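Residue numbers (the working numbering): 74 to 357.
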Amino acid sequence: MLPRPTTHSKALGPGVAGPELAVAISAVLDRPPKPVSHLPLSGAQPCAVDPAALCDPRQHTKYPYVTGTSVMAIKYKDGVLVGCDTLGAYGTTKRYKSTQRIYHVNSKCVVAAGGEISDFQYISNLLDELTTDDYRFDDGIELSPQEVHSYLCRVMYNRRNKFDPLWNSLVVGGVQGGQPFLGMVGMIGTHYTDSHVTTGFANQLARPLFRERQRDDMSEEDALQLMYDALKVCYYRDKVSINKFQIAKVTKDDGVSISEPFALDMRWDYKMFAQPTKWAVGAW
Numbered sequence: 074m075l076p077r078p079t080t081h082s083k084a085l086g087p088g089v090a091g092p093e094l095a096v097a098i099s100a101v102l103d104r105p106p107k108p109v110s111h112l113p114l115s116g117a118q119p120c121a122v123d124p125a126a127l128c129d130p131r132q133h134t135k136y137p138y139v140t141g142t143s144v145m146a147i148k149y150k151d152g153v154l155v156g157c158d159t160l161g162a163y164g165t166t167k168r169y170k171s172t173q174r175i176y177h178v179n180s181k182c183v184v185a186a187g188g189e190i191s192d193f194q195y196i197s198n199l200l201d202e203l204t205t206d207d208y209r210f211d212d213g214i215e216l217s218p219q220e221v222h223s224y225l226c227r228v229m230y231n232r233r234n235k236f237d238p239l240w241n242s243l244v245v246g247g248v249q250g251g252q253p254f255l256g257m258v259g260m261i262g263t264h265y266t267d268s269h270v271t272t273g274f275a276n277q278l279a280r281p282l283f284r285e286r287q288r289d290d291m292s293e294e295d296a297l298q299l300m301y302d303a304l305k306v307c308y309y310r311d312k313v314s315i316n317k318f319q320i321a322k323v324t325k326d327d328g329v330s331i332s333e334p335f336a337l338d339m340r341w342d343y344k345m346f347a348q349p350t351k352w353a354v355g356a357w
């Protein structure tokens with residue numbers, strides 16, 4: 074016969090017999106208990122507290138709800154720049170205007186995301202676990218940007234194979250071995266590395282600017298001006314965007330720095346803006 078469990082709680086005093094829940098149930102049984110439904114005392118319908126006891130089929134996310142738009146990133150002589158706005162849009166409603174979509178992984182890597190905000194928060198929690206492991210090992214070694222990129226490729230492809238994808242396009246930027254690194258990961262695991270990467274609408278709007286003006290040996294001033302121009306172009310033409318941006322910079326010497334939100338100088342007095350459909354076929 075097993076002895077009655079005791080507790081050493083300050084509230085009850087040392088050695089006082091406490092409730093049965095003072096110890097794990099599996100410690101006093103031959104096998105762990107099976108999931109059961111709890112019956113409430115109020116007379117309502119029973120509610121199951123374990124997913125295994127539910128009778129309804131498991132449901133997956135079919136489309137995103139709160140989303141972020143484009144992310145763009147470029148290499149330059151000293152490191153990388155990653156830029157995006159701070160909007161979390163509920164459909165086409167500009168609902169959350171101070172959402173940071175750039176995540177600081179460690180001293181040499183950042184991850185930015187377009188797509189579903191809650192899925193990106195889940196990915197951030199996964200990266201938090203990796204960073205915590207790095208700290209716990211206390212060996213002075215951190216995950217490199219390429220390792221983070223490979224890890225996210227496996228995560229996204231694994232969820233795709235479960236037909237429950239994470240609805241994000243991810244940009245990984247950092248410095249590895251003194252050299253800038255930029256990579257992109259899609260929601261089904263597609264991935265590539267390049268000197269400039271974009272997601273969402275920026276694939277059509279910002280990428281042509283990057284192809285024309287980006288160089289791996291360009292100065293930081295030129296890189297910032299190119300990023301500002303790309304952000305302006307996307308804001309002018311993407312309705313799910315706002316004039317509130319953040320830029321992350323990763324360099325070998327200074328590590329990671331993420332700017333405070335800022336606005337760019339926009340002009341709306343162009344002639345074509347006054348009557349945008351004047352010469353369009355079928356316009357009123």
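Even for Gly, the Cβ is constructed at its ideal location relative to N, Cα and C.
The structure displayed is predicted, hence computed values, not measured ones.
(1) Look at threonine 324 and glycine 187 and say whether their C-beta atoms are less than 8 Å apart.
(2) Taking only three categories from DSSP, how would you classify isoleucine 261?
(3) Which ranges would you report for the alpha helix (DSSP H) in the segment 235 to 315 if only whole runs of at least 4 residues count?
(4) Look at the Cβ atom of glutamate 293, then the Cβ atom of aspartate 151, and state whether they are nearer than 8 Å.
(5) In whole angstroms, what separates the C-alpha of arginine 233 from that of tyrosine 343?
(6) Going along the chain, which residues of its own chain have a beta-carbon closer than 7 Å to the beta-carbon of leucine 304, five neighbours each way excluded?
(7) Spatial neighbours of lysine 83 within its chain, please: C-beta separation below 6 Å, excluding the five flanking residues on both sides.
(8) Helix, strand or coil: how does DSSP classify alanine 167 here?
(9) Output the distance between the C-alpha atoms of lysine 235 and proline 349, rounded to the nearest integer angstrom.
(10) Extract the residue ranges of the beta strand (DSSP E) inside the segment 314 to 338, only unbroken runs of 3 or more that lie entirely within it.
(11) State the beta-bridge partners of serine 175 as determined by DSSP.
(12) With the cut-off set at 8 Å, would you say valine 144 and alanine 162 are in Cβ contact?
(13) Identify which residue in Tyr136, Met339 and Glu220 has its Cα closest to the Cα of aspartate 237.
(14) Does the distance from the CB of valine 184 to the CB of leucine 200 come in under 8 Å?
(15) Can you tell which of Ala296, Leu243, Leu278 and Phe210 has the C-alpha that lies nearest to the C-alpha of proline 218?
(16) Helix, strand or coil for alanine 347? Go by DSSP, reduced to three states.
(17) Since threonine 172 and isoleucine 196 should fall inside the 8 Å C-beta cutoff, what is the C-beta to C-beta distance between them, to a whole number of angstroms?
(18) Drop a sphere of 10 angstroms on the beta-carbon of lysine 322, count the other beta-carbons inside from all chains shown, and report buried for 16 or more, exposed for fewer.
(19) At what residues does the beta strand (DSSP E) containing leucine 199 begin and finish?
(20) Using the rule of at least 16 other Cβ atoms within 10 Å of the residue's Cβ for burial, across every protein chain shown, is glycine 256 buried or exposed?
(21) What does DSSP give as the partner residue(s) for isoleucine 147 in the beta ladder?
Based on what the coordinates show:
(1) no
(2) coil
(3) 275 to 278, 280 to 286 and 293 to 310
(4) yes
(5) 45 Å
(6) Gly156, Phe318 and Leu337
(7) Note that lysine 83 scores 44 on pLDDT, short of 50, meaning its location in the model is unreliable and no value can be drawn from it.
(8) Checking the displayed sequence, the identity of residue 167 turns out to be lysine instead of alanine. DSSP places lysine 167 in strand when its eight states are reduced to three.
(9) 45 Å
(10) 318 to 324 and 328 to 331
(11) Reading off the sequence, residue 175 comes out as isoleucine, not serine. Answer is Ala185.
(12) no
(13) Tyr136
(14) yes
(15) Leu243
(16) helix
(17) Not a contact, Cβ separation roughly 14 Å.
(18) buried
(19) Element bounds for leucine 199: not the beta strand (DSSP E) but the alpha helix (DSSP H), 190 to 210.
(20) buried
(21) Leu154 and His269
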